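Colleague:
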Amino acid sequence: MADKAPAQEESLFKAPPIAEQERMVEAILFATADPVTLPELAGRMPHGCDPAEALAHLRKRYEGRGVNIVKIGDAWAIRTAPDLGFLMQKETVEVRKLSRAAIETLAIVAYHQPVTRAEIEEIRGVSVSRGTVDQLIEMEWIRFGRRRMTPGRPVTFVVTEGFLDHFGLETARDLPGIKELRAAGLLESRPTPGLGAPTDDDDAADDDQPPLFEDD
Amino acid sequence: MADKAPAQEESLFKAPPIAEQERMVEAILFATADPVTLPELAGRMPHGCDPAEALAHLRKRYEGRGVNIVKIGDAWAIRTAPDLGFLMQKETVEVRKLSRAAIETLAIVAYHQPVTRAEIEEIRGVSVSRGTVDQLIEMEWIRFGRRRMTPGRPVTFVVTEGFLDHFGLETARDLPGIKELRAAGLLESRPTPGLGAPTDDDDAADDDQPPLFEDD
Amino acid sequence: MTGMDQDNFEEGRVSVTERLAAEALIVDVDGYEGPLDLLLTLGRTQKVDLRQISILQLAEQYLAFIAQARDLRIELAADYLVMAAWLAFLKSRLLLPPEPGSEGPSGEELAAHLAFQLERLAAMRDVAAKLMARDQKGRDFFARGITEDVARVRRVTHTASLLDLMQAYARIRTKDDFRPFVLDRVSVMTMERALERMRHLIGFAGDWTDIASYLPDDWQTDPQKRRSATAANFAASLELAKEGRIEIRQGDTFAPIQIRKRLPREGGR
Numbered sequence: 008m009a010d011k012a013p014a015q016e017e018s019l020f021k022a023p024p025i026a027e028q029e030r031m032v033e034a035i036l037f038a039t040a041d042p043v044t045l046p047e048l049a050g051r052m053p054h055g056c057d058p059a060e061a062l063a064h065l066r067k068r069y070e071g072r073g074v075n076i077v078k079i080g081d082a083w084a085i086r087t088a089p090d091l092g093f094l095m096q097k098e099t100v101e102v103r104k105l106s107r108a109a110i111e112t113l114a115i116v117a118y119h120q121p122v123t124r125a126e127i128e129e130i131r132g133v134s135v136s137r138g139t140v141d142q143l144i145e146m147e148w149i150r151f152g153r154r155r156m157t158p159g160r161p162v163t164f165v166v167t168e169g170f171l172d173h174f175g176l177e178t179a180r181d182l183p184g185i186k187e188l189r190a191a192g193l194l195e196s197r198p199t200p201g202l203g204a205p206t207d208d209d210d211a212a213d214d215d216q217p218p219l220f221e222d223d
Numbered sequence: 008m009a010d011k012a013p014a015q016e017e018s019l020f021k022a023p024p025i026a027e028q029e030r031m032v033e034a035i036l037f038a039t040a041d042p043v044t045l046p047e048l049a050g051r052m053p054h055g056c057d058p059a060e061a062l063a064h065l066r067k068r069y070e071g072r073g074v075n076i077v078k079i080g081d082a083w084a085i086r087t088a089p090d091l092g093f094l095m096q097k098e099t100v101e102v103r104k105l106s107r108a109a110i111e112t113l114a115i116v117a118y119h120q121p122v123t124r125a126e127i128e129e130i131r132g133v134s135v136s137r138g139t140v141d142q143l144i145e146m147e148w149i150r151f152g153r154r155r156m157t158p159g160r161p162v163t164f165v166v167t168e169g170f171l172d173h174f175g176l177e178t179a180r181d182l183p184g185i186k187e188l189r190a191a192g193l194l195e196s197r198p199t200p201g202l203g204a205p206t207d208d209d210d211a212a213d214d215d216q217p218p219l220f221e222d223d
Numbered sequence: 002m003t004g005m006d007q008d009n010f011e012e013g014r015v016s017v018t019e020r021l022a023a024e025a026l027i028v029d030v031d032g033y034e035g036p037l038d039l040l041l042t043l044g045r046t047q048k049v050d051l052r053q054i055s056i057l058q059l060a061e062q063y064l065a066f067i068a069q070a071r072d073l074r075i076e077l078a079a080d081y082l083v084m085a086a087w088l089a090f091l092k093s094r095l096l097l098p099p100e101p102g103s104e105g106p107s108g109e110e111l112a113a114h115l116a117f118q119l120e121r122l123a124a125m126r127d128v129a130a131k132l133m134a135r136d137q138k139g140r141d142f143f144a145r146g147i148t149e150d151v152a153r154v155r156r157v158t159h160t161a162s163l164l165d166l167m168q169a170y171a172r173i174r175t176k177d178d179f180r181p182f183v184l185d186r187v188s189v190m191t192m193e194r195a196l197e198r199m200r201h202l203i204g205f206a207g208d209w210t211d212i213a214s215y216l217p218d219d220w221q222t223d224p225q226k227r228r229s230a231t232a233a234n235f236a237a238s239l240e241l242a243k244e245g246r247i248e249i250r251q252g253d254t255f256a257p258i259q260i261r262k263r264l265p266r267e268g269g270r
């Protein structure tokens with residue numbers, strides 16, 4: 008890395024050498040438990056820094072170490088290496104036991120997102136209680152996505168960055184088995200023969216509500 | 008470090024290689040909410056580990072990095088390198104309206120400069136707190152002028168270039184006079200014969216410091 | 002829909018063991034996450050790949066289950082009964098040749114869709130389990146324990162506009178009724194001066210005394226001096242009250258303001 012620094016100094020006028028930028032990214036990531044995005048990094052580092060490059064170096068540096076640099080959605084964080092979890096019994100936080108309904112709902116949102124409540128119900132074959140959805144929202148694992156542009160403009164649900172962080176996923180595309188499911192056509196929304204697509208009747212009343220949520 | 012591991016393995020039967028121990032210490036120090044003592048480390052690591060040695064290696068590894076291993080009392084923790092503390096601040100600038108006392112004091116200085124504190128108090132009819140004057144000086148809107156050649160040789164206050172700059176004035180003489188204030192509806196229209204802008208009789212003595220403006 | 006099945010289950014003909022077995026299956030009906038879940042569970046008993054499941058057989062299993070539940074007088078949610086009705090319809094579609102000119106999807110299409118739904122639900126169950134088996138934060142891997150929150154350094158800058166400045170000056174100038182400006186320091190009493198004076202005097206006053214009586218004699222005649230001294234005395238009184246040295250009272254709006262030395266251990270004002 009040191010050999011790259013001078014070149015860097017030339018191209019980025021006045022910006023600190025890349026080795027120094029790497030230290031900065033290291034300090035910032037170590038200081039917080041929450042993932043930090045590149046724009047956030049850039050905003051806190053001196054003008055002209057290239058956090059993406061510094062991050063790439065840093066990530067390499069921490070490969071195989073007790074803590075690793077991980078990507079979560081569009082953000083970066085340091086997490087302990089999963090194989091060392093056994094040392095952390097003291098730190099283990101009791102994750103609230105999720106009901107089977109909640110776990111299934113979560114999985115459906117993750118694999119089918121953006122997905123409407125009606126679609127979740129169609130997949131599970133049973134109505135989804137408000138409590139289940141509320142619980143997942145409260146845990147900040149799912150959130151409202153964009154409204155579906157279908158009659159009634161139902162709200163959709165998507166998983167959050169917190170969900171990705173919790174399950175150690177870089178993106179929702181890394182969900183286990185998602186490729187196979189897609190290949191098998193099991194992530195398609197197939198209308199019931201003779202019925203058409205799910206109609207989301209219950210959300211029809213909501214269309215006076217402006218679309219509050221953006222999907223990313 | 009890798010070359011030390013085999014020796015370590017011989018002497019400490021079954022203990023993980025020192026590089027592995029170093030990873031463990033790294034993960035523990037990272038994830039624990041409080042600084043960790045050596046006995047605590049030993050208690051959490053597999054039997055036969057030598058946390059002191061692992062820690063020494065780790066400490067060396069983090070030398071000059073963005074975060075360092077530091078000793079706090081008897082315990083150890085990972086902390087931001089002292090020179091990078093500035094990254095842990097996010098400056099937000101909040102713009103507030105100047106207090107009434109400050110703006111009045113400022114106005115008096117602007118219209119009557121050079122003016123002593125006693126004169127400001129006389130004009131406002133209330134005492135002027137040190138904080139108000141200090142604030143205006145700190146904002147670089149007023150500064151000390153020449154001392155008045157009167158008993159006690161009181162300091163005077165004048166407005167600064169910064170003041171003129173902020174208020175878009177070329178000189179303090181450009182400040183609207185009483186007539187203009189009245190015309191602008193800022194003064195209740197109650198003309199009093201003989202009233203002009205301040206006359207500053209006292210300043211007549213100050214011929215060593217020319218008044219910045221003439222009244223209208 | 003289940004009338005024909007019910008005939009097969011006469012109370013007397015059900016043995017105790019059969020009955021218990023049936024109950025074991027049915028009593029837990031609340032445990033099923035709806036009819037689709039129940040169908041999936043029943044489908045598993047066919048021990049075939051879900052893709053090759055016999056929907057006809059499944060429909061029969063389901064209908065038998067519902068019949069048993071009814072027989073045991075177990076309350077079933079409406080969902081289950083709706084599904085039973087639909088499966089009975091599907092069964093008839095699958096068994097009977099389509100009526101000439103009949104509309105709507107064929108029995109095969111309906112069966113294929115049900116098979117798809119079951120497969121999809123099974124798949125979601127499967128990945129849900131895989132998801133929960135992943136390393137989880139706070140269980141298998143951990144975030145930073147000691148966080149250094151980014152200090153929000155709030156730098157307050159003050160600002161004022163020229164209008165503020167002019168208004169402030171106008172305010173000061175109108176306060177004095179446009180009296181020609183003279184540096185008549187002699188007719189202004191500062192609060193500090195009044196405070197100094199009152200601190201000494203307060204000890205000598207016995208009971209409630211009008212603050213007007215604290216004005217120095219030579220400040221009482223000139224209205225300007227009197228006004229300044231009154232204001233200064235009043236401000237000084239407030240300051241002393243704040244220090245807990247005196248008490249202030251005023252009987253009514255515009256009534257004389259009275260003060261007295263604060264007596265120890267006496268509340269009220």
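Chains as they are written, first to last, in my numbering: chain A, 8 to 223; chain B, 8 to 223; chain C, 2 to 270.
Every residue gets a Cβ at the ideal spot worked out from N, C-alpha and C, and that includes glycine.
None of the values given here were measured: they were computed from a predicted structure.
According to DSSP, is residue 153/B part of a helix, a strand, or is it coil?
Modeller: If DSSP states are grouped into helix, strand and coil, residue 153/B belongs with the strands.
Colleague: Between the C-alpha atoms of residue 114/A and residue 73/B, what's the straight-line distance to the nearest angstrom?
Modeller: When rounded, the distance between both Cα atoms is 38 Å.
Colleague: Against chain C, with Cβ distances strictly below 9 Å, would residue 69/A count as a contact?
Modeller: So, not an interface residue.
Colleague: Is the stretch 101–112 of chain C close to the stretch 48–68 of chain A, with three or more CB pairs under 8 Å?
Modeller: No: the two stretches stay apart, fewer than three of their Cβ pairs being nearer than 8 Å.
Colleague: Measuring straight from C-alpha to C-alpha, what distance separates residue 179/A and residue 117/A?
Modeller: Each residue's alpha carbon lies about 7 Å from the other.
Colleague: The beta strand (DSSP E) that contains residue 87/A, what's its start and end?
Modeller: Residues 82–87.
Colleague: Buried or exposed: where does residue 250/C fall if 16 or more other Cβ atoms within 10 Å of its Cβ makes it buried?
Modeller: By the neighbour-count rule (16 or more Cβ atoms within 10 Å), residue 250/C is not buried but exposed.
Colleague: For a test of the three-state rule: what should DSSP assign to residue 142/C, helix, strand or coil?
Modeller: Of the three classes helix, strand and coil, the one that applies to residue 142/C here is strand, per DSSP.
Colleague: Taking the alpha carbon of residue 174/C as the point to measure from, which residue in 175/B, 119/B, 88/B has its own alpha carbon closest?
Modeller: Ranking the options by Cα distance to residue 174/C, first place goes to 119/B.
Colleague: What does the alpha-carbon distance come out to for the pair residue 238/C and residue 228/C?
Modeller: Their Cα atoms are separated by approximately 15 Å.
Colleague: Assuming the contact rule is C-beta atoms closer than 8 Å, residue 149/A and residue 133/A should be a hit. Round their C-beta distance to whole Å, please.
Modeller: Not a contact, Cβ separation roughly 18 Å.
Colleague: Identify, in the order they occur along the chain, each residue of the same chain with its Cβ nearer than 8 Å to the Cβ of residue 86/A, setting aside the five sequence neighbours on each side.
Modeller: 74, 75, 77, 175, listed in sequence order.
Colleague: With a threshold of 9 Å between beta-carbons, can residue 30/B be considered close to chain A, or not?
Modeller: Output row for residue 30/B: interface = yes.
Colleague: Determine the DSSP secondary structure at residue 255/C, reduced to helix, strand or coil.
Modeller: Coil, per DSSP.
Colleague: Assuming the contact rule is C-beta atoms closer than 8 Å, residue 79/A and residue 42/A should be a hit. Round their C-beta distance to whole Å, please.
Modeller: Their Cβ separation, rounded to whole angstroms, is 5 Å, which keeps residue 79/A and residue 42/A in contact under 8 Å.
Colleague: I need the straight-line Cα distance from residue 99/A to residue 140/C, nearest angstrom please.
Modeller: Each residue's Cα considered, the two are about 5 Å apart.
Colleague: Rounded to the nearest angstrom, what separates residue 191/A and residue 170/A at their Cα positions?
Modeller: When rounded, the distance between both Cα atoms is 25 Å.
Colleague: Name the chain B residues that come within less than 8 Å of residue 88/A, Cβ to Cβ?
Modeller: Result: 30, 34.
Colleague: Give me the chain A residues within the contact set of residue 118/C, using Cβ-Cβ distance strictly less than 9 Å, ordered along the chain.
Modeller: Within 9 Å Cβ-Cβ: 129, 130, 132, 197, 199.
Colleague: With C-beta atoms as the reference, is residue 211/C less than 9 Å away from residue 247/C?
Modeller: Taking 9 Å as the Cβ cut-off, residue 211/C and residue 247/C do not qualify as a contacting pair.
Colleague: Cutting at 8 Å between CB atoms, please list the residues of its own chain near residue 105/A, excluding the five before and the five after it.
Modeller: Contacts found: 113, 142.
Colleague: Can you give the Cα-Cα distance for residue 252/C and residue 147/A, rounded to whole angstroms?
Modeller: Going from the Cα of residue 252/C to the Cα of residue 147/A covers about 60 Å.
Colleague: Determine the closest residue to residue 144/B out of 83/B, 32/B, 188/B, 168/B, with distance taken between C-alpha atoms.
Modeller: Cα-wise, what sits closest to residue 144/B is 168/B.
Colleague: In angstroms with no decimal places, state the Cα-to-Cα distance between residue 81/C and residue 102/C.
Modeller: Roughly 31 Å separates the two Cα atoms.
Colleague: Assuming residue 25/A and residue 51/A make a contact with CB atoms under 8 Å, what is their CB distance in whole Å?
Modeller: Actually they are not in contact, since the Cβ atoms of residue 25/A and residue 51/A sit about 17 Å apart, beyond 8 Å.
Colleague: How is the beta strand (DSSP E) around residue 166/B delimited, first residue to last?
Modeller: Note, residue 166/B: beta strand (DSSP E), 162–166.
Colleague: Counting pairs of beta carbons, one from the stretch 52–68 of chain C and one from the stretch 112–127 of chain C, are three or more of them closer than 8 Å?
Modeller: A contact exists between the stretch 52–68 of chain C and the stretch 112–127 of chain C.
Colleague: For the alpha helix (DSSP H) that contains residue 83/C, what are its first and last residues?
Modeller: Residues 79–96.
Colleague: By a C-beta neighbour count over all protein chains shown, 10 Å radius and 16 as the cutoff for buried, is residue 156/B buried or exposed?
Modeller: So residue 156/B ends up on the exposed side.
Colleague: Alpha carbon to alpha carbon, how far is residue 263/C from residue 168/C?
Modeller: Approximately 41 Å between the Cα atoms of the pair.
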